[in-house]
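K.L.:
Take 456 as the starting number for the sequence shown in my numbering and just add one per residue.
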Amino acid sequence: MAPHLAPRDGTPADAPEAGRTDGRRSAAAARRRVREAEIIKATRQLFDERGVRDAQIEDIARAVGINRAIVYRHFTGKEEIFALVLIDYLEELRAALLEADDATAAATDRLGAVVGAFVEYGVARPAFVDCAHALMRRRGPELFDEISESAMLRLGRAMTGAMAPLHQVFADGARTGELRVEDPALLANLFYGTGLGALQLAHVGLTVTESAPGVPTVGTITPAQVRDHLVRTAVALARA
Numbered sequence: 456m457a458p459h460l461a462p463r464d465g466t467p468a469d470a471p472e473a474g475r476t477d478g479r480r481s482a483a484a485a486r487r488r489v490r491e492a493e494i495i496k497a498t499r500q501l502f503d504e505r506g507v508r509d510a511q512i513e514d515i516a517r518a519v520g521i522n523r524a525i526v527y528r529h530f531t532g533k534e535e536i537f538a539l540v541l542i543d544y545l546e547e548l549r550a551a552l553l554e555a556d557d558a559t560a561a562a563t564d565r566l567g568a569v570v571g572a573f574v575e576y577g578v579a580r581p582a583f584v585d586c587a588h589a590l591m592r593r594r595g596p597e598l599f600d601e602i603s604e605s606a607m608l609r610l611g612r613a614m615t616g617a618m619a620p621l622h623q624v625f626a627d628g629a630r631t632g633e634l635r636v637e638d639p640a641l642l643a644n645l646f647y648g649t650g651l652g653a654l655q656l657a658h659v660g661l662t663v664t665e666s667a668p669g670v671p672t673v674g675t676i677t678p679a680q681v682r683d684h685l686v687r688t689a690v691a692l693a694r695a
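1. With a CB to CB cut of under 8 Å and the five nearest residues on each side skipped, what residues in its chain are close to T672?
2. From which residue to which residue does the beta strand (DSSP E) around A560 run?
3. Taking the beta carbon of R528 as the centre, do at least 16 other beta carbons fall within 10 Å, making it buried, or is it exposed?
4. Measuring CA to CA, which of S481, L608, R490 and A551 is closest to A538?
5. By a C-beta neighbour count over all protein chains shown, 10 Å radius and 16 as the cutoff for buried, is T677 buried or exposed?
6. In whole angstroms, what separates the C-alpha of I602 from that of H588?
7. Nearest by alpha-carbon distance to F530: which of Q655, A606 and V624 is it?
8. By Cβ distance, which residues of its chain are closer than 7 Å to M618, with the 5 residues on each side in sequence left out?
9. So, are the CB atoms of F599 and V540 less than 8 Å apart?
10. Quick one: what's got a C-beta closer than 6 Å to P620's C-beta in the same chain, skipping five residues either side?
11. If I'm right that I697 touches A516 with Cβ under 8 Å, what's the distance once you round it to whole angstroms?
12. Please go through the segment 661 to 686 and give each complete beta strand (DSSP E) segment of 3 or more residues, from N-terminal end onward.
13. Using only alpha-carbon positions, find the residue among A510, G571 and I512 that is nearest to L654.
14. Could you tell me the alpha carbon to alpha carbon distance between R463 and Q623, rounded to whole angstroms?
15. Suppose the cutoff is 6 Å on Cβ atoms and the five residues either side in sequence are ignored; what does the same chain contact list for H704 look like?
16. So what does DSSP say about A510, is it helix, strand or coil?
17. Is R463 helix, strand or coil when you go by DSSP?
18. Using a threshold of 7 Å, is the CB atom of A579 nearer than that to any non-hydrogen atom of the ligand PLP?
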């Protein structure tokens, strides 16, 4: 009688074929997740080093050691890669805002600390601002057409997570009567968009005024000025 041998993958010889197939699928899925993580990591590094506009699919593929066709096997397109890299930034942003918040402080002090941390993070990571703006320029239906459902779900979770500290400050302040906020979630969303616009101004560092009718004058603005303005604006809106 022939000896009872097991396959080289360790699956018992009498195991159902479905079990071996599931094992191969699991291994393939694991390899796919590893490759996707490598692509996202390489993209984030390129964004931080070169900026968003100068990072091309060919550069991303070269950094991972693959060709661009393989990149498109893992993602629906550049917008989806942007979305997944933005998730990485948003998770860092959430951690920074949570660290800045002191739940025992007055609501206005908490708001100032959280908004200040938001500005400091964006100033230190201009690629985060560019990446966020690149996606915000697209209309909602366009994003759903260009980004897979699973990626959109992950992005939505990351965005709500990043806004959660600000939302909590608004909600707590409204509950104690220190702030007058009817819809903390809406105000957090509005301020997120406003904050990104202000951060873009901080990166440009220029303002335009009219010194005389029809005569524009270019001025300057510092990140510190942007930070102070956003803090005052947030407090004023929350008290209105």
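Backbone N, C-alpha and C define an ideal beta-carbon position, used for all residues, glycine too. In this text, all values refer to a predicted model and were calculated from it rather than measured experimentally.
P.N.:
Taking the structure as given:
1. The beta carbon of T672 lies closer than 8 Å to those of V663, T664, E665 and S666 in the same chain, with the five residues before and after it left out.
2. Neither: A560 is in no beta strand (DSSP E) and is coded neither H nor E.
3. Exposed: under 16 other Cβ atoms inside 10 Å.
4. Of S481, L608, R490 and A551, the residue nearest in Cα terms is L608.
5. In this structure T677 is exposed. Its beta-carbon is surrounded by fewer than 16 other beta-carbon atoms within 10 angstroms.
6. The straight-line gap from Cα to Cα measures roughly 16 Å.
7. Closest by alpha carbon: A606.
8. If the five residues before and after M618 are omitted, its C-beta is found closer than 7 Å to the C-beta atoms of A643, N644 and Y647, all from its own chain and listed in chain order.
9. At least 8 Å separates the beta-carbon of F599 from that of V540.
10. The residues are L552, L553, D556 and V569.
11. Lying outside 456 to 695, the shown extent of the chain, residue 697 is not represented and no answer is given.
12. The DSSP assignment places 661 to 667 and 670 to 675 as complete runs of the beta strand (DSSP E) inside the segment 661 to 686, in order along the chain (cut-off: 3 residues).
13. Comparing Cα positions, the closest option is G571.
14. Residue confidence is low: R463 scores 49 on pLDDT, short of 50, so the model does not pin down where it sits. No coordinate-derived value is stated.
15. Absent from the model: residue 704. The displayed extent of the chain is 456 to 695, so no value can be given.
16. A510 falls in the coil class under three-state DSSP.
17. In this prediction, R463 scores a pLDDT of 49, lower than 50, which makes its location untrustworthy; the coordinate-derived value is nonetheless stated afterwards. Correct three-state label for R463: coil.
18. No copy of the ligand PLP occurs in the structure displayed, which carries no ligand at all.
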